[in-house]
Amino acid sequence: MPDDPILGLNELFKTDERPEKVNLGVGCYLTEAGNLPLLDVVEEAETRLSEKKLPHGYMPMSGIPKFCEAVKHLVFGEASPAVVEGRITTIQTLGGTGALQLGAAFAHQYLGVAKAVVSDPTWGNHIAIFKGDGLTVSKYPYLNAAKDGVDFEAMIAALNEVEEGSLVLFHACCHNPTGVDLSHEEWRKVLEVVKARDLLPLLDMAYQGFGDGLEEDAFAMRLFAESGIRFMAATSCSKNFALYGERVGALHVVCGDKREAEVATSILKALVRAEYSNPPAHGANVVAEVLGDPELKKRWFKDVVEMHDRICEMRRALAEAGEAEGADLSFATKQKGMFSFTGLTPEEMDRLREEFAVYGVRNGRICVAGLNHRNVGYVAKAMATVLK
Ligand code: PMP
Numbered sequence: 024m025p026d027d028p029i030l031g032l033n034e035l036f037k038t039d040e041r042p043e044k045v046n047l048g049v050g051c052y053l054t055e056a057g058n059l060p061l062l063d064v065v066e067e068a069e070t071r072l073s074e075k076k077l078p079h080g081y082m083p084m085s086g087i088p089k090f091c092e093a094v095k096h097l098v099f100g101e102a103s104p105a106v107v108e109g110r111i112t113t114i115q116t117l118g119g120t121g122a123l124q125l126g127a128a129f130a131h132q133y134l135g136v137a138k139a140v141v142s143d144p145t146w147g148n149h150i151a152i153f154k155g156d157g158l159t160v161s162k163y164p165y166l167n168a169a170k171d172g173v174d175f176e177a178m179i180a181a182l183n184e185v186e187e188g189s190l191v192l193f194h195a196c197c198h199n200p201t202g203v204d205l206s207h208e209e210w211r212k213v214l215e216v217v218k219a220r221d222l223l224p225l226l227d228m229a230y231q232g233f234g235d236g237l238e239e240d241a242f243a244m245r246l247f248a249e250s251g252i253r254f255m256a257a258t259s260c261s262k263n264f265a266l267y268g269e270r271v272g273a274l275h276v277v278c279g280d281k282r283e284a285e286v287a288t289s290i291l292k293a294l295v296r297a298e299y300s301n302p303p304a305h306g307a308n309v310v311a312e313v314l315g316d317p318e319l320k321k322r323w324f325k326d327v328v329e330m331h332d333r334i335c336e337m338r339r340a341l342a343e344a345g346e347a348e349g350a351d352l353s354f355a356t357k358q359k360g361m362f363s364f365t366g367l368t369p370e371e372m373d374r375l376r377e378e379f380a381v382y383g384v385r386n387g388r389i390c391v392a393g394l395n396h397r398n399v400g401y402v403a404k405a406m407a408t409v410l411k
C-alpha cells in the first residue's frame, strides 16, 4: 500500500539531513518561528478546565451541547433564521474528517444517495472517505487551464449534468489544494444549479478565518442556509484553534424544519453509536470554554486575524521574492488560505525536493503557512531555478 502522499512526504522530510530544508508539504499552520502554535486562549481554557477537575465520563453521542451550539453560531451566525427556527442539527465529530465521513454515511444509508461529485482537484481524502462510505465518486472541473482561477463555465456545465439527488462536495473557503475560491456571484449561481438539479451539497469548511476572515469565509454557508434548501456542512477546529491532535469538528445538517432536524439528530446518533459511540471530550471542552467566554472569544478572534495576516504576508513575500529572482510567482497573491497551487509539474516538485530540500506535494501544492521570513527568499530562488 503506498503511503499517503502528504504524510509520506513528512516522513521523508524528517530524515532529510540538509539544514536548509523547508517543509511546505504540511497541512498545518506554522508560526514565523516555524512551530505549531499553542494559542494563548487554548492554554487559558485548558488551565480553567484542569482547575475544574472534571472526571473523564462519557460524552453524549451527539457531543457536548455547549460546543455544538457555539460552533453552529460561528458557522451560520447566531441570528440566522435557520438557527433561530431550529432547522440545523449540529453533531460534534472527530475533526472535519469525521464530519465528512458521518455526513457521507448519513447521505448513503438514510437518504439513499449513491453518487458523490467532488471538484477536480480536491483534497485526496474526500474521495477515500466517500468511497469508504459506499458512494461512487466522480469529479467536476474546477481549476482553469492557467491554474490561477476557477473555470466557472465548465464547472456549471458539469454540475448541470450531475444526476439529481447526488451529493456534491464544495469547499466553502480556502480551497484545498488550489487556494482558488468562488466569488459571491459565482456562489449564487451554484446555488441556482443545486436547487434546479435537487443536489445535496456538502460544504466543507476546514479553514474558517484563513481566507478573508471568520465572517467573510462563512458566506457560502450562510447563503445556502438562508435559501431554505437542505444541505450538510463539515467544519473543523483543527486549524483555526490549532487543535489538530484533539480531533474537534462538527457536522451540521440543515433541514427543512425543526421536526426534520430532530429526526436527523436521532439518525446521526445511531450512526455515531455504531461507529465510535461518543466523541472525545477535551478539545471540544476547550473550544466551548473559549467561545463561551466573551473575553476569550474576542482574544481568539484576534488570534485568527493574526494567523490570517501572517499567511497573507507570506503570500506577498513569496510573490515579491519571485519577482526579484525573475520568476512569476504571482499565483501566491491571487489565492487564499493555507494552500497554493504553484502550477509546478510533479517533476519540478521532485527537483525542488531533491536539489533544494524544499518539500511540497507532487501535484504542485505548497502550504504557504510553512513559509517565514527566513526561508521565503530561499524557496523563491529554488522555484525560480526550477522554472527556468
Ligand atoms: N477538509 C479539508 C479540505 C482539509 O484540508 C482537511 C484537513 N487537511 C479536512 C477537511 C479535515 O480536517 P481535520 O484535521 O479537522 O480532520
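At position 161 of the sequence shown the residue is numbered 184 (the numbering used here), and the sequence of numbers has no breaks.
Quick reminder that beta carbons are idealized off the backbone N, C-alpha and C, glycines included.
Taken through DSSP and simplified to helix, strand or coil, K138 comes out as strand. Around G366, the same chain offers K170, F354, G387 as residues with beta carbons nearer than 7 Å, after the five sequence neighbours per side are excluded. Taking 8 Å as the upper bound for CB-CB distance, L291 and F90 are not in contact here, some 15 Å apart.
Per DSSP, the unbroken beta strand (DSSP E) holding V191 starts and ends at 190 to 194. The beta carbons of E55 and N395 sit closer together than 9 Å. Annotation: the continuous beta strand (DSSP E) that includes D227 extends over 223 to 228. Judged by DSSP in its simplified three-state form, Q358 adopts coil rather than helix or strand. For H275, the Cβ stays outside the 8 Å cut-off from all heavy atoms of the ligand PMP. Taking a 10 Å sphere around the C-beta of P78, we find fewer than 16 other C-beta atoms and assign the residue as exposed. Per DSSP, the continuous alpha helix (DSSP H) segment holding Y401 begins and ends at 399 to 410.
In this model, G279 and A248 are separated by some 10 Å (Cα to Cα). The Cβ atoms of G118 and S300 lie no closer than 9 Å to each other. Within the same chain, A137, K138, A139 come within 8 Å of T159 by CB-CB distance, once the 5 residues on both sides are set aside. Proximity to the ligand PMP was defined by a C-beta distance below 5 Å to any of its heavy atoms, and the residues meeting it, in sequence along the chain, are G50, G118, G119, T120, W146, N199, D227, A229, S259, S261, G272. In the structure shown, C335 falls within a helical segment according to DSSP collapsed to helix, strand and coil. DSSP places F90 inside the alpha helix (DSSP H), whose first and last residues are 88 to 99.
Secondary structure of I252 (DSSP, three-state): coil. Taking all protein chains in view, the Cβ of L47 is crowded by 16 or more other Cβ atoms within 10 Å, so the residue is classified as buried.
Of all alpha-carbon atoms in P200, H198, A219, G306, the one lying nearest the alpha-carbon of S189 is that of A219. Burial of G306 is indicated by the presence of at least 16 other C-beta atoms within 10 angstroms of its C-beta. Just so you know, the alpha carbons of A293 and F324 end up roughly 35 Å apart. Shortest Cα-Cα distance from L214 to any of G202, A195, V203, M228 involves A195.
The way I'd put it, the stretch 270 to 284 does touch the stretch 103 to 122; three or more beta-carbon pairs between them come closer than 8 Å.
In this structure G86 touches P302 by the C-beta definition: roughly 5 Å separates them, less than 8 Å. In the DSSP secondary-structure assignment, G272 is bridged to T116, S259. In the three-state reduction of the DSSP assignment, N301 falls in the coil class, being assigned neither a helical nor a strand state. Taking 9 Å as the cut-off, the Cβ atoms of G345 and A392 do not count as close. Taking a contact to require three or more Cβ pairs closer than 8 Å, the stretch 39 to 46 and the stretch 372 to 387 qualify as touching. Under the rule that a run must span 4 or more residues, the alpha helix (DSSP H) segments found entirely inside the stretch 24 to 60 read 28 to 38.
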